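Visitor:
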Amino acid sequence: MKSVVIPVPLKPSSVPLDSTVSRDTTPTFGLEGRLRLYSRDTVTQPDMGLIVLHPYSLLGGSMNDAIVTEVMRQSQALKYFGAVLCYNMRGVGGSEGNKMSARNLFGSGQEDAADVHHVIDWLVARMQEVHTGSEKHIALVGYSFGAALAAQAIEHVRVSAYAGISVPIGTLASSLLRTRTYCNSLFSSDKRKLILVGDQDQYTSIQQLERMLSSHVDTDHGSVSLQQAGSIAGIHVHVFENNDHFWGNDHALMVETLMAWLVEQT
4 MKSVVIPVPL KPSSVPLDST VSRDTTPTFG LEGRLRLYSR DTVTQPDMGL IVLHPYSLLG
64 GSMNDAIVTE VMRQSQALKY FGAVLCYNMR GVGGSEGNKM SARNLFGSGQ EDAADVHHVI
124 DWLVARMQEV HTGSEKHIAL VGYSFGAALA AQAIEHVRVS AYAGISVPIG TLASSLLRTR
184 TYCNSLFSSD KRKLILVGDQ DQYTSIQQLE RMLSSHVDTD HGSVSLQQAG SIAGIHVHVF
244 ENNDHFWGND HALMVETLMA WLVEQT
């Protein structure tokens, strides 16, 4: 695993965020990351990259989080992706800038959300340096608040799959952190999507998740279950019994389920 510095703009871009837009003249600073880049003949899908986003920074979230670490560990052991990357958001660890807060999320303070798009562009460029020619694609995985940030980037031209672990769409998280607003992007996208949640999650109850999914389902379907609502909305939902937002000792099994889905879908 290599330590890297990912350049991102000081302020969110006002232009569309995708790989076709040049932002070379924008003042930048660095986000601290960890990257594993594989040669083409050592992995199954060298043109597929994986980016993992950590939980809310003001509550201690970082790329050293246990769930993020387990996703990175299993993804490397799998030898499937051409590149795997995690990074610290602004103001976390060795990353420059200020941590996101509930106060500055509204209005213009959406730097962490915009950074996701730039990190995607950066990883695609690094993959092109090693594996030239073929088009590159990215799978986004986020845990907790990171899952909401990843959701709002799902329509980036390079993203082909999304997985959200413990997506916090309960009343408190939605009010303070706009998580439900970010997650609404999932419903307008036809890309492959997965939500993994414990049935005892403190920040997203099964009932709240069911209501969010059902609100995007045509009423002609009548009353539907959580999995049915997810299927109609194009989102695969996997519920783990006896697990909360933090997963306890079952996080390895949950990540195994995630890896199996990513391999099947990408």
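Residues 4 to 269 (my numbering) make up the sequence shown, in order. All C-beta atoms in this analysis are idealised placements derived from N, C-alpha and C, irrespective of residue type, glycine included. For clarity, every value in this text was computed on a predicted model and none was experimentally measured.
Suppose you measure from the CA of V188 to the CA of I157; what does that come to, to the nearest Å?
Guide: By 1-based counting over the sequence shown, the position of residue 188 is 185. By 1-based counting over the sequence shown, the position of residue 157 is 154. The question names Val, but residue 188 is Ser in the sequence shown. In a straight line, the C-alpha of S188 is about 7 Å away from that of I157.
Visitor: Could you tell me the boundaries of the beta strand (DSSP E) in which D78 lies?
Guide: For the purposes of this step, residue 78 is taken as residue 75 along the sequence shown, with counting starting at 1. Going by the sequence as given, residue 78 is Ser instead of Asp. Run containing S78: none in the beta strand (DSSP E); it sits in the alpha helix (DSSP H), A69 to L81.
Visitor: Look at the alpha carbon of M75 and the alpha carbon of L261, and state the distance between them as a whole number of angstroms.
Guide: Numbered from its first residue, the sequence shown carries residue 75 at position 72. Numbered from its first residue, the sequence shown carries residue 261 at position 258. In a straight line, the C-alpha of M75 is about 12 Å away from that of L261.
Visitor: Which residues mark the beginning and the end of the beta strand (DSSP E) in which L62 is found?
Guide: To locate residue 62, count along the sequence shown from 1; it is residue 59. No beta strand (DSSP E) contains L62, which DSSP labels as neither H nor E.
Visitor: DSSP on F190, reduced to helix/strand/coil?
Guide: Mapped onto the sequence shown, residue 190 falls at position 187. F190: helix per DSSP, three-state reduction.
Visitor: Secondary structure at T182, three-state DSSP: helix, strand or coil?
Guide: Within the sequence shown, the letter at position 179 stands for residue 182. Here T182 sits in helix by DSSP.
Visitor: Is the CB-CB distance between I198 and V240 below 8 Å?
Guide: As a working mapping, residue 198 is identified with position 195 in the sequence shown. As a working mapping, residue 240 is identified with position 237 in the sequence shown. Going by C-beta atoms, I198 is nearer than 8 Å to V240.
Visitor: Would you list, in sequence order, the uninterrupted alpha helix (DSSP H) runs of no fewer than 4 residues that lie entirely inside the region 195 to 242?
Guide: You should have 209 to 217 and 229 to 235.
Visitor: Leaving out the 5 sequence neighbours to the left and right, which residues in its chain are closer than 7 Å to K102 when beta-carbon positions are compared?
Guide: Reading the sequence shown from its first residue, position 99 is the one you call residue 102. Cβ within range, chain order: S60, L61, R93, G94 and V95.
Visitor: With contact counted as at least three CB pairs below 8 Å, one residue from each stretch, are the region 156 to 170 and the region 75 to 87 in contact?
Guide: Verdict: no, contact absent.
Visitor: Looking only at C-alpha atoms, which of I9, A232 and L216 sits nearest to G100?
Guide: Position 97 of the sequence shown, counted from the start, is the residue given in the question as residue 100. For G100, the nearest C-alpha among the options comes from I9.
Visitor: Please name the residue in T72, T31, E213 and Q48 whose C-alpha comes closest to that of V55.
Guide: As a working note, residue 55 is residue 52 in the sequence shown. With distances taken between Cα atoms, V55 lies closest to T72.
Visitor: In angstroms with no decimal places, state the Cα-to-Cα distance between I209 and L265.
Guide: The residue labelled residue 209 in the question sits at position 206 within the sequence shown. The residue labelled residue 265 in the question sits at position 262 within the sequence shown. Distance between the alpha carbons of I209 and L265 is about 23 Å.
Visitor: What does the Cβ neighbour count give for D50, buried or exposed, with the cut at 16 atoms within 10 Å?
Guide: Here residue 50 is taken as the residue at index 47 of the sequence shown, counted from 1. D50 should be labelled buried.
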